[in-house]
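**Student:**
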Amino acid sequence: MTTTATPTARKRCRKTRTKKVNTRPPIVASALAANEIDLAPGREHLVCPECRTWCPITGMNGTPKLVPHHSDRAGTLNPRRCTAGSDRRVIIDIAVDDWRMTLIEARPTTASRRATKVLPKPKATPVPAASQLKPAPLNAETVRQVFRQHQQQCRACKGEITGRDGLPLPCRDGERLAVTFLRLLRQEPRRRAVRDFFAQERRRFDRQYAAAAPTRAAQWDAVLPQVADADTRRAQLPTGDAPKDSPAVPLTTLHPGHSAS
Ligand SMILES: [Zn+2]
Ligand SMILES: [Zn+2]
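The sequence shown lines up with residues 40 to 300 when you count with my numbering.
(1) Buried or exposed for W93, please, with buried defined as at least 16 other CB atoms from any protein chain shown within 10 angstroms of its CB.
(2) Mind reading off the beta-carbon distance from A179 to F220? Whole number of angstroms is fine, and I expect it under 8 Å.
(3) Please state the DSSP three-state secondary structure of P301.
(4) How about C87 and L105: are their beta carbons less than 8 Å apart?
(5) With a Cβ-Cβ cutoff of 8 Å, do L216 and V185 count as a contact?
(6) Quick one: Cα of H108 to Cα of I133, how far?
(7) Which whole-angstrom value describes the C-beta separation of D212 and H189, a residue pair presumed to lie in contact below a C-beta threshold of 8 Å?
(8) In angstroms with no decimal places, state the Cα-to-Cα distance between L85 and P65.
(9) To the nearest angstrom, how far is the alpha carbon of I131 from that of N74?
(10) For the beta strand (DSSP E) containing V266, list its first residue and its last residue.
(11) In angstroms, rounded to a whole number, what distance separates the CA positions of P95 and I76?
(12) How should R194 be labelled, buried or exposed, when 16 other C-beta atoms within 10 angstroms of its C-beta is the threshold for buried?
(13) Just verifying my parser: in three-state terms, what is the DSSP assignment at D136?
(14) Does the Cβ of T97 have 16 or more other Cβ atoms within 10 Å, making it buried, or fewer, making it exposed?
(15) Give the secondary structure of R128 by DSSP, where H, G and I count as helix, E and B as strand, and everything else as coil.
(16) Exposed or buried, L116, counting other C-beta atoms within 10 Å across all chains shown (16 or more means buried)?
(17) Pull up the CB-CB distance for S125 and N61, whole angstroms please, since I reckon it's below 8 Å.
(18) List the endpoints of the continuous beta strand (DSSP E) containing H108.
(19) Starting from V185 and walking both ways along the alpha helix (DSSP H), at which residues does that stretch end?
(20) Exposed or buried, which one is V182 when buried takes at least 16 other CB atoms within 10 Å?
(21) Using alpha carbons as the reference points, say which of R234, E83, R128 lies closest to W138.
(22) Could you name the residues of the same chain whose beta carbon sits closer than 7 Å to that of R127, not counting the 5 residues immediately before and after it, in chain order?
(23) Nearest CA to the CA of T141: which residue from A68, R222, P264, Y248?
(24) Could you tell me if the beta carbon of H189 falls within a distance shorter than 7 Å of some heavy atom in ligand 2?
(25) For ligand 1, list every residue whose C-beta falls under 5 Å from any of its heavy atoms, going in chain order.
(26) Can you have a look at L263 and say buried or exposed, based on whether 16 or more other CB atoms are within 10 angstroms of its CB?
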């Protein structure tokens, strides 16, 4: 049973051309918040102050007004007509550019007012990539073993899972391991060559250093008389008091085979 007090709802087109005008006072655009009105040309909407739904504004070139619209249950099976807001006149007393400016200026403020949801850090550690399987330098043989282990457990790699076309489905993990194995296998000779080169250069340096040792000893021996002479003279202390605030005079030389004792 329906009473006449219950407004009925009809199917409506979005922008009507009805001449009907609501007798209530008009809605003043400048009285609304910038985010309650959309003045983008051709898309004019506002939030109906009566039912809080976004409603198109019609008659922008003549007498702007809110289109007849449904209220709280809009979009449901039994919507209700918004009697207070339908056909309500709208006074557009702000320019589109001014409205846009206000909206842009208001943006950071609204953003800062919005509570930031802090997401908990995920605790699960990600699955290591094929290149991270071992902390030790990876070699092709290790990867081959991992690949074989995977193949024994993976139905896709064993060819037991087939797609709609009857062909076995590819396995990403298996493919990645195979690619890593082949890459390492290809790189291994080069890596070994680089390692060998380093070792060879190191050995050459050691040999050169050892060969130079007798020369350095001979050079020391050549200066030995002068060094001994200097040491002797340094040992002869001058008469009188030694300066109090100066470092002690070294009495021995740095020569490895000689001391002034
Ligand atoms: Zn309304
Ligand atoms: Zn697999």
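Positions of the beta carbon are idealized from the N, C-alpha and C atoms, including for glycine.
Keep in mind the model is a prediction, meaning the values are calculated, not measured.
**Tutor:** Put simply:
(1) If you draw a 10 Å sphere on the C-beta of W93, you find fewer than 16 other C-beta atoms in it, and that means exposed.
(2) Right, their Cβ atoms sit about 6 Å apart.
(3) Here the chain covers residues 40 to 300 and nothing more, so residue 301 does not appear.
(4) For C87 and L105, yes; Cβs fall inside 8 Å.
(5) Going by C-beta atoms, L216 is nearer than 8 Å to V185.
(6) The straight-line gap from Cα to Cα measures roughly 24 Å.
(7) At roughly 6 Å, the Cβ-Cβ gap stays under 8 Å, so D212 and H189 are in contact.
(8) The straight-line gap from Cα to Cα measures roughly 13 Å.
(9) Those two C-alpha atoms are separated by around 15 Å.
(10) For V266, there is no enclosing beta strand (DSSP E); the residue is found in the alpha helix (DSSP H) stretching over 211 to 274.
(11) Linking P95 to I76 through their CA atoms gives a straight-line distance of about 10 Å.
(12) By the neighbour-count rule (16 or more Cβ atoms within 10 Å), R194 is not buried but exposed.
(13) In the structure shown, the three-state DSSP call for D136 is helix.
(14) Of the other Cβ atoms in all chains shown, 16 or more fall within 10 Å of the Cβ of T97; this residue is therefore buried.
(15) Residue state, collapsed to three classes: strand.
(16) Exposed, since its Cβ has fewer than 16 Cβ neighbours within 10 Å.
(17) Between S125 and N61 the beta-carbon gap is near 6 Å, inside 8 Å, which marks them as a contact.
(18) Where H108 is concerned, there is no enclosing beta strand (DSSP E), given that its DSSP letter is neither H nor E.
(19) For V185, the enclosing alpha helix (DSSP H) stretches over residues 179 to 192.
(20) Per the 10 Å Cβ criterion, buried.
(21) Ranking R234, E83, R128 by CA distance to the CA of W138 puts E83 first.
(22) Around R127: N61, R63, P65, I66, K104, L105.
(23) Closest by alpha carbon: A68.
(24) Yes, ligand 2 has a heavy atom inside 7 Å of this Cβ.
(25) Counting only beta-carbon distances shorter than 5 Å to the non-hydrogen atoms of ligand 1, the qualifying residues in chain order are C87, E89, C90, C121, G124.
(26) Residue burial is scored here from C-beta neighbours: L263 has fewer than 16 other C-beta atoms within 10 angstroms and is therefore classed as exposed.
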